[in-house]
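Following UniProt numbering, the numbering of the sequence shown begins with 1 at its first residue and continues without gaps. We treat Cβ as the ideally placed atom computed from N, Cα and C, and that holds for glycine. Remember, it's a predicted structure, so these values are computed and weren't measured experimentally.
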Amino acid sequence: MPKTPPSSSAPPLADTLPYAADFVIEVLAAASRAPYGQLSWVEINRLAARWLRPAPAAAGADSSRLGHEVVLEMSEHGLLEAEMTTAADGRLMVQRVVHPRIFGLHAAQALAA
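In C-alpha coordinates, the structure reads:
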(Lines of atoms letter the chains of each structure in order from A; the text may use other names.)
(Lines give C-alpha, C1' and ligand atoms only; values in the text may rest on other atoms or scores of the structure.)
Protein backbone atom coordinates (compact mmCIF):
# COMPACT_ATOMS: atom_id res chain seq x y z
CA MET A 1 0.00 0.00 0.00
CA PRO A 2 1.52 3.36 -0.99
CA LYS A 3 2.47 5.72 1.77
CA THR A 4 0.90 9.14 1.83
CA PRO A 5 3.01 12.23 2.35
CA PRO A 6 2.62 13.94 5.70
CA SER A 7 -0.19 16.47 5.82
CA SER A 8 1.88 19.09 7.64
CA SER A 9 2.18 22.50 6.01
CA ALA A 10 5.82 22.75 7.08
CA PRO A 11 8.39 22.06 4.37
CA PRO A 12 10.17 18.70 4.51
CA LEU A 13 13.20 18.77 6.77
CA ALA A 14 15.37 17.77 3.82
CA ASP A 15 14.40 21.04 2.10
CA THR A 16 15.65 23.09 5.02
CA LEU A 17 19.13 21.58 5.43
CA PRO A 18 22.15 22.33 3.28
CA TYR A 19 23.55 19.14 1.74
CA ALA A 20 20.41 17.15 2.62
CA ALA A 21 20.01 16.23 -1.06
CA ASP A 22 23.51 14.73 -0.99
CA PHE A 23 22.60 12.82 2.18
CA VAL A 24 19.42 11.45 0.55
CA ILE A 25 21.38 10.36 -2.54
CA GLU A 26 24.06 8.71 -0.39
CA VAL A 27 21.46 6.84 1.72
CA LEU A 28 19.76 5.49 -1.43
CA ALA A 29 23.09 4.57 -3.05
CA ALA A 30 24.46 2.91 0.09
CA ALA A 31 21.25 0.93 0.60
CA SER A 32 21.24 -0.23 -3.01
CA ARG A 33 24.84 -1.46 -2.66
CA ALA A 34 24.40 -3.04 0.78
CA PRO A 35 23.83 -6.78 1.19
CA TYR A 36 20.11 -7.48 0.77
CA GLY A 37 19.57 -3.75 0.25
CA GLN A 38 19.62 -3.15 4.00
CA LEU A 39 21.27 -0.26 5.76
CA SER A 40 21.67 -0.17 9.55
CA TRP A 41 21.27 2.78 11.89
CA VAL A 42 25.06 2.88 12.26
CA GLU A 43 25.48 3.61 8.56
CA ILE A 44 22.70 6.22 8.70
CA ASN A 45 24.57 7.93 11.56
CA ARG A 46 27.85 7.82 9.61
CA LEU A 47 26.27 9.37 6.52
CA ALA A 48 24.45 11.98 8.60
CA ALA A 49 27.70 12.99 10.29
CA ARG A 50 29.25 13.43 6.86
CA TRP A 51 26.46 15.44 5.21
CA LEU A 52 24.16 17.04 7.80
CA ARG A 53 24.91 19.86 10.18
CA PRO A 54 22.27 21.12 12.63
CA ALA A 55 21.57 24.84 12.73
CA PRO A 56 23.35 26.51 15.66
CA ALA A 57 19.97 27.69 17.01
CA ALA A 58 18.56 24.14 17.08
CA ALA A 59 18.95 23.23 20.73
CA GLY A 60 19.51 19.53 21.29
CA ALA A 61 19.80 18.77 17.59
CA ASP A 62 22.63 16.64 16.29
CA SER A 63 23.51 15.20 12.91
CA SER A 64 22.42 11.71 13.93
CA ARG A 65 18.90 12.80 14.90
CA LEU A 66 18.62 14.91 11.76
CA GLY A 67 19.68 11.93 9.67
CA HIS A 68 17.03 9.71 11.20
CA GLU A 69 14.37 12.38 10.72
CA VAL A 70 15.30 12.79 7.03
CA VAL A 71 15.25 8.99 6.55
CA LEU A 72 11.79 8.91 8.17
CA GLU A 73 10.65 11.50 5.62
CA MET A 74 12.16 9.40 2.82
CA SER A 75 10.15 6.44 4.08
CA GLU A 76 6.95 8.48 4.24
CA HIS A 77 7.47 9.42 0.59
CA GLY A 78 8.05 5.80 -0.45
CA LEU A 79 11.73 6.12 -1.35
CA LEU A 80 12.62 3.24 0.95
CA GLU A 81 11.18 1.01 3.64
CA ALA A 82 12.19 1.70 7.22
CA GLU A 83 11.98 -0.34 10.39
CA MET A 84 11.57 1.89 13.41
CA THR A 85 12.66 1.72 17.01
CA THR A 86 12.38 4.08 19.94
CA ALA A 87 15.33 5.80 21.56
CA ALA A 88 15.72 6.00 25.33
CA ASP A 89 14.17 9.49 25.29
CA GLY A 90 11.10 8.22 23.40
CA ARG A 91 11.99 9.64 20.00
CA LEU A 92 11.29 7.55 16.94
CA MET A 93 14.51 6.36 15.29
CA VAL A 94 15.30 4.25 12.24
CA GLN A 95 16.62 0.81 13.10
CA ARG A 96 17.19 -0.30 9.52
CA VAL A 97 16.24 0.76 6.00
CA VAL A 98 15.65 -1.44 3.01
CA HIS A 99 16.10 -0.16 -0.54
CA PRO A 100 13.00 -0.90 -2.68
CA ARG A 101 15.19 -2.56 -5.32
CA ILE A 102 15.49 -5.65 -3.10
CA PHE A 103 11.76 -6.32 -3.47
CA GLY A 104 12.19 -6.47 -7.25
CA LEU A 105 15.11 -8.86 -6.85
CA HIS A 106 13.05 -11.13 -4.60
CA ALA A 107 10.21 -11.10 -7.12
CA ALA A 108 12.62 -11.97 -9.95
CA GLN A 109 14.10 -14.85 -7.94
CA ALA A 110 10.62 -16.20 -7.20
CA LEU A 111 9.68 -16.05 -10.87
CA ALA A 112 12.92 -17.76 -11.89
CA ALA A 113 12.44 -20.59 -9.40
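I25 sits exposed, since fewer than 16 C-beta atoms from the chains shown fall within 10 Å of its C-beta. A distance below 7 Å between beta-carbons, with the five flanking residues on each side excluded, links P12 to the following residues of its chain, in chain order: E73.
Beta-bridge annotation (DSSP): A82 is paired with V97. Taking C-alpha positions only, Y19 is separated from R91 by approximately 24 Å. One Cα belongs to W51, the other to S64, and the distance between them is close to 10 Å. For L39, the enclosing beta strand (DSSP E) starts and ends at Q38 to S40.
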